[in-house]
Amino acid sequence: MNVKVGDIIKLENNQFVAADLLLLSSSEPHGLCYIETAELDGETNLKVRHALSVTSELGADISRLAKFDGIVVCEAPNNKLDKFTGVLSWKCSKHSLNNEKIILRGCVLRNTSWCFGMVIFAGPDTKLMQNSGKTKFKRTSIDRLMNTLVLWIFGFLICLAIILAIGNSVWENQVGNQFRTFVFRNEGENSVFSGFLTFWSYIIILNTVVPISLYVSVEVIRLGHSYFINWDRKMYYSGKATPAQARTTTLNEELGQIEYVFSDKTGTLTENIMTFKKCSINGRIYGEVHDVLGQKTEMTKKKEAMGFSVNPQADRTFQFFDHHLMESIKMGDPKVHEFLRLLALCHTVMSEENSAGEMIYQVQSPDEGALVTAAKNLGFIFKSRTPETITIEELGTLVTYQLLAFLDFNNFRKRMSVIVRNPEGQIKLYSKGADTILFERLHTSNEDLRTLTSDHLSEFAGEGLRTLAIAYRDLDDKYFKEWHKMLEDANAAIDERDERIAGLYEEIERDLMLLGATAVEDKLQEGVIETVTSLSLANIKIWVLTGDKQETAINIGYACNLLTDDMNDVFIIAGNTAMEVREELRKAKENLFGQNRSFSNGHVDFEKKQPLELDSVVEETVTGDYALIINGHSLAHALESDVKNDLLELACMCKTVVCCRVTPLQKAQVVELVKKHRNAITLAIGDGANDVSMIKSAHIGVGISGQEGLQAVLASDYAFAQFRYLQRLLLVHGRWSYFRMCKFLCYFFYKNFAFTLVHFWFGFFCGFSAQTVYDQWFITLFNIVYTSLPVLAMGIFDQDVNDQNSMDCPQLYRPGQLNLLFNKHKFFICVAHGIYTSLALFFIPYGAFYNVAGEDGQHIADYQSFAVTMATSLVIVVSVQIALDTSYWTIINHVFIWGSIATYFSILFTMYSNGLFGIFPRQLPFVGNARHSLTQKCIWLVILLTTVASAMPVVAFRFLKVDLFPTLSDQIRQWQKAQKKARPLRSRKPQTRRSSSRRSGYAFAHQEGYGELITSGKNMRAKNPPPTSGLEKTLYNSTSWIENLCKKTTDTVSSLSLDKTVKL
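Numbering (my numbering), first residue to last: 48 to 1111.
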């Protein structure tokens, strides 16, 4: 469907939004709709959008919607996801538009049956696409180096041709004039013109030194490597039947050189699933499993989960392993009941029943969903709510609470509270929030419980769980009425309204009684901890770029061991202005280097360096582990030209960097900053549309086919289903690809120089006449037939160590990061090796044939015998050399290497036979020479001597190098050879960290504004709550409140039998 600006489109529940829309109407009351913005900012909590009251009246009336003729004047297309300004002109009136009226492309409609919207921006003008960046052509560093080397080789070819042309001119001038009578040359031809012709002749003869076929061979090898990735069963995710996919064939070897990994959080490191794991109630931990000796054990699938068969409304997917909690509930522990009652009351969840009668919760944040679901399974079931009441079922008894006030959550309060009146008439304040905030507001009598709960929270945080502290307060009726009157006055105030409300919230949220704490697991994907640890050992720095909140990102950082309590310091940059950000960065650097260290002198003089270029010595002077955490608004200032120098210096000296609340465009800017100024190979990995821009910006883009669609996969270079496969992609496939490509290039350049430079040496003995030293057919077939397959086999199949050792020893990855296996230095070594081999190939046969007679007494130093001897020596020498270079032998290597030698002799004897000469007499002048030369022992001795002289220095050097200065790869290879049986695989279990230091595990993915929305009733459908059964207690102190409630719960009251009615 081609969506255009001005179109009115209908969206249904769980559909992706295809364009930026102005919300006109929806199935919800007051034109509300709920959206999930994980594709834009990585947050999984729901957000509310509401239509203008004048358009919400349109409802689902197609005829009225078709007649809608409003005109929208708005801002130009931009990449700001959190801002929108515009005006709707309709029915002779104007209505202002803001971000709350707009649904952006990439969102998903949730908990809303349908909605209608008018397209404001479509295609590349949408805010999502404005953040996506441009697609760039990606080339590897080896590609760029190869292009440079080919230009150098071409210049070298010209130099060789000039030398030989000059030699020809000199020879013609001094010697050649004596032969003009025999070669029918005119007297007028001079030596300079002869040299000019010779120059072009040698350009043609020596052109084989320029590796034109190299590019074809490289692409064939890369294609093979890509198929290995696609075929790897260990990267196949059976859960979704998704194999790994190499979507490009040109970047494989760069997978072995990664220095920085930029990762999204939501859906990449985590599974977007919140699970209630543990809790601390009145100083006792519930959720741990102990053995018969009382020792704590790990929870496994073999452990028996607590049964909830007695609760017909329990969620069957909920698992809890500690049976002591259910025992405490059955025994009527008042603290446990109050704890669970708080979870069922203090939230913004909306409930409804589906057609099957099952209770469905519409949650604004996954944290709340996990807590309310846990309370539901443990017998305290949230049933329904109105603007004035909350109804829950407590162990089979229906109880309705009057909602007196809702103290909403925001990022500064870091807590939310509800004030309710229970059926007994008691007023209670229930609060949940960050432990660091609530602990400051506890009553002094809670000191011992606070200390014990604090230890439990520290333990939960050490396990990577997201924690909330739980507390309550009993309120006096008179005090509450006075406070509520002041709250009403504050709400009606014009000046300092927010400050007055915040002050009243602070006043009533004090002297709290601590109940305990909750621990929710933001479930990491399987193998994330092991992957992060392994990549860190490989000296790969991992930066997390997420649109999620700071607390959530920090919590996940600790959960997957990116952040640890053992770190020397964690720097948090949260400035709101450029000056504040610059000052915070300066202080962080002072702390990192020490207060007494000066930045204006010594080798830590950043100002005197070229902009943004870091000295490796500076990084080496930093001892200890540090982490940097920066918010999106601070990052916007830090990325400015005069501040990003400080940001990059600090970030690159930290072990871990976490960027929170960043936009998709900021993700790309961070990647570009490191990519440009650190000259490092970068990889970006993500699973949503908000990750597309950084995936395109990085050298390597990896998409995870997760729960947020396929936008990231479609923009990526490589794709798979789980983050843990990144370890195998880099440490196995990436390292092997780099290793194979480097060995291939070294051998290819060596082979070409050894083959071609023989012509150069021969030029000095043939009067620089541009005569070839080999048969023309040999020159044609050498690169195509005789040496093409062995080098391809090595480039595709070779490996120094097996895949398991590559995974077990991440330090093997280091040479690729340092670019040690192929660089300009290695290239010159290969050239020197090729030159030496060409000297041996030419001068050993030349010296052996000089004034030598054959076994039959005849002179054998003829041109054709010399050419055949050198050609045979060359084929054997390069075959022996590739055999020495091959580390991993397969049947294919054996067939290709020894088969190439057999093919050479087969073609040699066939082409130089009498029969073929009779058919093509002009094309095969070397008739009979192979049979004549290769039947003499002295020829084979010359070939043997040439081979030994060419290969022996290489064998000696490598033997001494491995014996005296073995690399880690050499040591592991020797260990592999010494093992008769494969080492059994070690099962890796994530280590449960126990931290002695105090750290808050608070992380709450909640959005401000839901409290006001609930108390206003705008988000509640105009229908009665579903019929319920059980004893309903209704003690009301207000006649108007009773009447109001009766209107809303007519069906509920009428369904109660007379014997279950409680007298008022």
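Ideal Cβ placement from N, Cα and C applies to all residues, glycine included. Computed from a prediction, not measured in an experiment: that's the story for all the values here.
Is it buried or exposed for residue i, if we count other Cβ within 10 angstroms and need 16 for buried?
i      : result
Trp247 : exposed
Arg787 : buried
Ile100 : Here residue 100 is Ser; the residue named in the question, Ile, does not match the sequence. It counts as exposed.
Asp67  : buried
Val749 : buried
Val410 : buried
Glu556 : buried
Asp764 : buried
Ile831 : exposed
Gly53  : exposed
Ala759 : buried
Ala768 : buried
Thr444 : exposed
Arg497 : buried
Gly202 : exposed
Gly594 : buried
Taking only the alpha-carbon atoms, compute the straight-line gap between residue i and residue j and give it to the nearest angstrom.
i       : j       : result
Arg771  : Val989  : 56 Å
Val820  : Asn254  : 14 Å
Leu534  : Asp524  : 15 Å
Glu385  : Ile466  : 14 Å
Gln1026 : Asn940  : 23 Å
Leu392  : Ser412  : 15 Å
Leu522  : His490  : 13 Å
Glu147  : Val64   : 15 Å
Arg1040 : Gly509  : Unreliable placement is indicated for Arg1040, whose pLDDT of 45 sits below 50; no coordinate value is reported for it.
Gly733  : Ala745  : 12 Å
Asn586  : Val308  : 11 Å
Ser73   : Ile56   : 12 Å
Ala1013 : Glu266  : The sequence shown places Pro at residue 1013, not Ala. Spanning the two alpha carbons is a distance of roughly 32 Å.
Trp936  : Phe791  : 15 Å
Cys856  : Gly863  : 14 Å
Trp987  : Val1009 : 32 Å
Ile751  : Thr578  : 15 Å
Tyr552  : Arg708  : 27 Å
Gly416  : Phe507  : 19 Å
Leu610  : Arg331  : 28 Å
Have a look at the options and flag the residue whose alpha-carbon is nearest the alpha-carbon of residue i.
i       : options                        : result
Ile407  : Phe203, Arg157, Phe618         : Arg157
Pro1121 : His941, Ser997, Ala817         : The requested residue 1121 does not occur in the structure, where the chain is confined to residues 48 to 1111.
His724  : Ile732, Asn424, Leu694         : Leu694
Ile677  : Asn726, Val617, Asn457, Cys154 : Val617
Ala566  : Glu554, Leu534, Asn602         : Asn602
Gln846  : Phe812, Ser934, Arg708         : Ser934
Thr834  : Arg468, Val927, Ile619         : Val927
Leu442  : Thr289, Asn277, Arg96, Gly426  : Gly426
Lys714  : Ala727, Asp738, Lys702, Arg462 : Asp738
Thr950  : Gly965, Leu836, Ile876, Gln858 : Leu836
Leu515  : Tyr526, Lys430, Ser501, Leu270 : Ser501
Pull up the DSSP beta-bridge partners for residue i, would you.
i       : result
Phe767  : Ile751
Ile118  : Ser136
His142  : Leu135
Asp521  : Lys475
Lys57   : Phe163
Ile428  : Glu440
Met1120 : With the chain represented from 48 up to 1111, any question about residue 1120 goes unanswered, as that position is not in the structure.
Give the C-beta separation of residue i and residue j to the nearest angstrom, bearing in mind that I take them to be a contact with Cβ-Cβ under 8 Å.
i      : j       : result
Tyr448 : Thr436  : 7 Å
Gly735 : Ala113  : Rounded, the Cβ-Cβ distance is 34 Å, inconsistent with contact.
Val995 : Leu931  : That pair is no contact at about 13 Å.
Lys691 : Leu720  : 6 Å
Ala731 : Val718  : 6 Å
Tyr785 : Glu300  : 4 Å
Asn898 : Gln1023 : In fact, because the Cβ distance is near 52 Å, the residues do not count as touching under 8 Å.
Val779 : Asp689  : So it is not a contact: roughly 43 Å between Cβ atoms.
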